[in-house]
Amino acid sequence: MILKKLEDGIVVSAVEIKSFDVTIDSNNRAIITVTLNNVNNSEAVYNQEPGDNHIYQIVDNNNNIIRLIHQ
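Residue numbering for the sequence shown follows my numbering, starting at -2 and increasing by one per position.
Laid out in structure tokens, this is it:
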């Protein structure tokens, strides 16, 4: 799976991931916790505030959207 960060329809970053979890905190912020697909299977956390000008897409190897995070 790939986590893509898009701004104005353009991919500005992408990272290969193994798994993900999306939660909403008390400030209505999306917290995306991903396990990276690397040697250490390390975790990374991405935040999205309401009204941010970017969205996150999680896609499979065929670029089919698995999850769209957009506030």
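Every residue gets a Cβ at the ideal spot worked out from N, C-alpha and C, and that includes glycine.
With a cutoff of 8 Å on beta-carbon distance, Ile29 and Ile66 are scored as near each other. Within the same chain, Cβ atoms closer than 7 Å to the Cβ of Ile63 are found at Met(-2), Ile55, Val56 and Asp57, the five residues on either side in sequence being excluded.
Relative to Asp18, the option among Asn24, Thr32, Ser10 and Val8 whose CA is nearest is Thr32. When beta bridges are read from the DSSP output, Glu40 appears opposite Thr32. In its chain, beyond the 5 residues on either side, Thr32 have a beta carbon closer than 6 Å to the beta carbon of Ser16. Looking from the CA of Gly6, the closest CA among Asn50, Asn35, Asn44 and Gln45 belongs to Asn50.
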